[in-house]
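Inspection log for the structure reproduced underneath, given as structure tokens.
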Amino acid sequence: MAEFRRCVVLACAVILPLSACSKDAKPTTASLPSSSSGTASLPRLPSTPSTAPSSVGPCEASPAPASAVNVTHAEGDFNGDRATDSLTVYGVGTLSEPAPYHLQIELAESHGIVDNVIPDVIVGDVSQTPKALGGADITASAGLPPDGSGDEAFVTIGAGASVQLVGIYQLIGCALDRVTGPQGNAPSSFAIGGTVTHLDGLRCDGSAGGQRLVELSATSNDGISYETKETRLQLQSGAFTVLGAPITDTVDNSDPRLQGFSGLDCPGVLAP
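The sequence shown begins at 567 in the numbering used here and counts up one residue at a time.
In structure tokens:
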């Protein structure tokens, strides 16, 4: 018996404060925290935050009506959850007067629908035919914290005498808004195309790892020699701002680089 009590005292010295041991101590066993079901459970370890983007939703806009006209579709990952979403542009008028037009994103995996009106299109002007072009993530190389968006949506919003006008939209949560800038707070509107003496275009530049939008222009007095300008744009807080000084050059009309100054070159985006 003395040997048994000596073992108990040694056990108390290891597991319990000395004050909790006495010569009358009885053998005890350590117990694990109990779960609500009464069975023993181990303590929970802190969870590791997921690095995958989370989807907000479901978003609750209505689908395009069956009577929609001039419907076009494109694809992209507009909420950044690595699933392919559907981009749709459609008119809610008639074939003779299709405006007003809507831009709609149907999110994959039942995350709902987001819809917004394209205000640029003039009712009664059938030459203004918006079109869904697709999506490209142009915030990937900005060196900024994640903004909750995925691909930005590219949409033709109208046309000029010799150009197509492209607007860029950003989806964050269930809010689909037109990016503003780069000149002031006006909604984004980039000309694509041109004439013999003036060209306009856009390019997505992936040289920095990711993509950044570059606005292009080329002007000429004689249609032979062109002064070119490349303006890098940064997208932050729903607005484009100019990043650094423009890159300028002089090229002639035989230079193959000149062709890019009147087009739209972004992976995942169709030509207007």
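Yeah, the Cβ is synthetic: ideal placement off N, Cα and C, and Gly gets one too.
According to the neighbour-count rule (16 or more other Cβ atoms, all chains shown, within 10 Å of its Cβ), is residue i buried or exposed?
i, result
"residue 689", "exposed"
"residue 675", "exposed"
"residue 783", "buried"
"residue 821", "exposed"
"residue 685", "exposed"
"residue 812", "exposed"
"residue 825", "exposed"
"residue 645", "buried"
"residue 762", "exposed"
"residue 664", "buried"
Locate the beta strand (DSSP E) running through residue i, then write down its first and last residues.
i, result
"residue 638", "635-642"
"residue 808", "805-808"
"residue 744", "741-744"
"residue 817", "813-818"
"residue 757", "756-760"
Roughly how many angstroms lie between the CA atoms of residue i and residue j, to the nearest whole one?
i, j, result
"residue 808", "residue 653", "28 Å"
"residue 750", "residue 838", "25 Å"
"residue 741", "residue 656", "19 Å"
"residue 759", "residue 769", "13 Å"
"residue 748", "residue 805", "7 Å"
"residue 700", "residue 728", "22 Å"
"residue 785", "residue 627", "44 Å"
"residue 777", "residue 692", "34 Å"
"residue 789", "residue 639", "37 Å"
Tell me, which residues are paired with residue i by DSSP?
i, result
"residue 831", "769"
"residue 782", "767, 796"
"residue 719", "701, 735"
"residue 791", "818"
"residue 725", "730"
"residue 801", "806"
"residue 753", "746"
What residue ranges within the segment 649-691 form continuous beta strand (DSSP E) runs of no fewer than 3 residues, ordered along the chain?
651-657, 667-672, 678-684, all fully within the segment 649-691.
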